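Participant: Got a structure for you, questions after.
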Amino acid sequence: MNARTIPLALLFFVCWPPSFSLAQTFQIRHYGTAQGLPQSEIIDVYQDRQGYLWFGTYENGAARYDGRQMKRFSVTEGLGHASIRDILQDRFENIWIATENGLACITPDETVFNFNVPDGLPSNEIFSLAEDGAGNLWIGTGAGLCRSAVQQTHSSKPELALTVFDNTRNSKIIRAIAVSREQQVLAGTDDGLYRVHGDSLTVPTEFEKLQNHFIRRLFYAQNGVLWIGAAEGLYRFADNQLVLFSQRLGMADENIYALAEDQSSNLWIGTRSGLLKYDGQSLTTFDTRDGLPSNFVRALCVDYENNIWIGTLGAGAAKIFGWHVQNYTRQQGLPANVVFSFLQDRAGRMWIGTSGGGLAIVQGNSVEVLNSDNALPDNFV
Numbered sequence: 003m004n005a006r007t008i009p010l011a012l013l014f015f016v017c018w019p020p021s022f023s024l025a026q027t028f029q030i031r032h033y034g035t036a037q038g039l040p041q042s043e044i045i046d047v048y049q050d051r052q053g054y055l056w057f058g059t060y061e062n063g064a065a066r067y068d069g070r071q072m073k074r075f076s077v078t079e080g081l082g083h084a085s086i087r088d089i090l091q092d093r094f095e096n097i098w099i100a101t102e103n104g105l106a107c108i109t110p111d112e113t114v115f116n117f118n119v120p121d122g123l124p125s126n127e128i129f130s131l132a133e134d135g136a137g138n139l140w141i142g143t144g145a146g147l148c149r150s151a152v153q154q155t156h157s158s159k160p161e162l163a164l165t166v167f168d169n170t171r172n173s174k175i176i177r178a179i180a181v182s183r184e185q186q187v188l189a190g191t192d193d194g195l196y197r198v199h200g201d202s203l204t205v206p207t208e209f210e211k212l213q214n215h216f217i218r219r220l221f222y223a224q225n226g227v228l229w230i231g232a233a234e235g236l237y238r239f240a241d242n243q244l245v246l247f248s249q250r251l252g253m254a255d256e257n258i259y260a261l262a263e264d265q266s267s268n269l270w271i272g273t274r275s276g277l278l279k280y281d282g283q284s285l286t287t288f289d290t291r292d293g294l295p296s297n298f299v300r301a302l303c304v305d306y307e308n309n310i311w312i313g314t315l316g317a318g319a320a321k322i323f324g325w326h327v328q329n330y331t332r333q334q335g336l337p338a339n340v341v342f343s344f345l346q347d348r349a350g351r352m353w354i355g356t357s358g359g360g361l362a363i364v365q366g367n368s369v370e371v372l373n374s375d376n377a378l379p380d381n382f383v
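Take 3 as the starting number for the sequence shown in our numbering and just add one per residue.
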């Protein structure tokens, strides 16, 4: 199913469910270099607790958006490298930025500090970040997984107090990290999915079939379901069962780059072939024909107002907003809940033929009813 609009100047004879959606509309706003982004290749989108949106670019640093203007943070502003891979805010309100050459920290007063191998990191290549319930910062590098009990000093460089998981040192690229409600830490690598157990990473029995799979994204939904974005498809782990969900959904592109969930529990999926929305029942596809600036969706973020922010590879960012689904039933004034036909006239009014209730004319928020009492020879239209 595709999200593009079907012309309504046609008459459909259908038996509609008792409650139906008359219209599903949304707007897409594009943000590119003309709007202040330092580059059009967006690798990460993140919203901090102050409501600012952070955009991490492929090779031109990060940009912070306050709703009116972009503020750039790159090498000139103190970052150790301009290629951004992940962004996270910790409990002290520091912004941590994973880069191709080191870990950067922007403090609340916008002082920038950089951390590298001399600070205890096993590699300068930083791929992923996460924070657990105890406030520990988890750092995925090109040579293993680290845990940092960050100590905030306010007047100087934060102390990382790093623990490096030795069985990952110099052997695993940690591309994704996720923390469950039970505070279990998972790490996605180039060769499978691992769980932190004590001071090492182990392969849980339930994830053995993912060995030698390239894991890009790990995402825990509000209901506790784990979604796993791999180069080979989208997996769902729930009730101790691992299912290749992209096959079940019939996804055309199984290469998963981004995952997010909105306030209605819809799962949003970024692929090279467009943006997908899974509502628990069906899959909706959005692409350039629906207004996306590019089909390559590299990053996703749902903000506090339930807007969907999209980072593309090559066409900047976009925001889906103003999402509106209007339902019309008896409660909204329809004379019957079973609809046989509808037609939109040139004035924009919707004419709805019902089973036994006559004809309803919907314009804006008003509903006018025509039936056998005032105009029609019969109430079945």
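Where is the CB? At the ideal position from N, CA and C, for every residue including glycine. None of these values were measured; they are calculated from a predicted model.
Hey, how far is the Cα of GLY318 from the Cα of ARG183?
Facilitator: Along the sequence shown, read from residue 1 onward, the residue named residue 318 stands at position 316. Along the sequence shown, read from residue 1 onward, the residue named residue 183 stands at position 181. Distance between the alpha carbons of GLY318 and ARG183 is about 33 Å.
Participant: With the cut-off set at 8 Å, would you say ILE217 and GLY194 are in Cβ contact?
Facilitator: Against the sequence shown, residue 217 aligns to sequence position 215. Against the sequence shown, residue 194 aligns to sequence position 192. Going by C-beta atoms, ILE217 is nearer than 8 Å to GLY194.
Participant: Using only CA atoms, which one of LEU147, ALA180, GLN186 lies nearest to SER173?
Facilitator: Numbered from 1 along the sequence shown, position 171 holds the residue referred to as residue 173. The shortest C-alpha separation from SER173 is found at LEU147.
Participant: Excluding the 5 residues preceding and the 5 following ILE30 in the sequence, name in chain order all residues of the same chain whose CB lies nearer than 6 Å to its CB.
Facilitator: As a first step, residue 30 must be located in the sequence shown, where it is residue number 28. Excluding residues within five positions, the ones whose Cβ falls inside 6 Å are GLY293, ALA320, ILE322.
Participant: Based on Cα-Cα distance, which residue from ARG70, ALA65, ALA260 lies nearest to VAL77?
Facilitator: Against the sequence shown, residue 77 aligns to sequence position 75. Of the listed residues, the one whose Cα sits closest to VAL77 is ALA65.
Participant: Assuming the contact rule is C-beta atoms closer than 8 Å, GLY272 and TYR259 should be a hit. Round their C-beta distance to whole Å, please.
Facilitator: Here residue 272 refers to the residue found at position 270 of the sequence shown. Here residue 259 refers to the residue found at position 257 of the sequence shown. Contact holds; Cβ gap of about 5 Å.
Participant: Would you tell me roughly how many angstroms separate the C-alpha atoms of GLY355 and ASN138, rounded to the nearest one?
Facilitator: Looking up residue 355 in the sequence shown gives position 353. Looking up residue 138 in the sequence shown gives position 136. Using only the alpha carbons, I get a separation of about 60 Å.
Participant: For PRO206, which of PHE57, ALA262, HIS83, VAL187 has the nearest alpha-carbon?
Facilitator: Translated into the one-based positions of the sequence shown, residue 206 becomes position 204. Comparing Cα positions, the closest option is VAL187.
Participant: Just to confirm, is the Cβ distance from TRP353 to LEU302 under 8 Å?
Facilitator: Indexing the sequence shown from 1 puts residue 353 at position 351. Indexing the sequence shown from 1 puts residue 302 at position 300. Contact annotation: TRP353 and LEU302 have beta-carbon atoms that are not nearer than 8 Å.
Participant: Run through the segment 196 to 280 for me and flag every whole beta strand (DSSP E) of 3 or more residues, listed as ranges in chain order.
Facilitator: 202 to 204, 217 to 222, 228 to 232, 235 to 240, 243 to 246, 258 to 263, 269 to 273, 276 to 280
Participant: Residues bridged to TYR67 by DSSP?
Facilitator: Position 65 of the sequence shown holds residue 67. LEU55, MET72.
Participant: Taking three-plus beta-carbon pairs below 8 Å as touching, is the segment 77 to 92 in contact with the segment 122 to 141?
Facilitator: yes
Participant: What's the gap between the Cα of ARG247 and the Cα of LEU212?
Facilitator: Along the sequence shown, one-based indexing puts residue 247 at 245. Along the sequence shown, one-based indexing puts residue 212 at 210. Rather than Arg, the amino acid found at residue 247 in this sequence is Phe. Going by the C-alpha atoms only, they are around 14 Å apart.
Participant: Given that a residue counts as buried once 16 or more other Cβ atoms are within 10 Å of its Cβ, and exposed if not, what is PRO19?
Facilitator: As a position in the sequence shown, residue 19 is number 17, starting the count at 1. Here the model assigns PRO19 a pLDDT of 39, short of 50, so the residue's position is not dependable and the matter cannot be decided.
Participant: On the DSSP letters alone, give me the boundaries of the beta strand (DSSP E) that GLN365 sits inside.
Facilitator: In the sequence shown, counting from the first residue as 1, residue 365 sits at position 363. Where GLN365 is concerned, the enclosing beta strand (DSSP E) starts and stops at 361 to 365.
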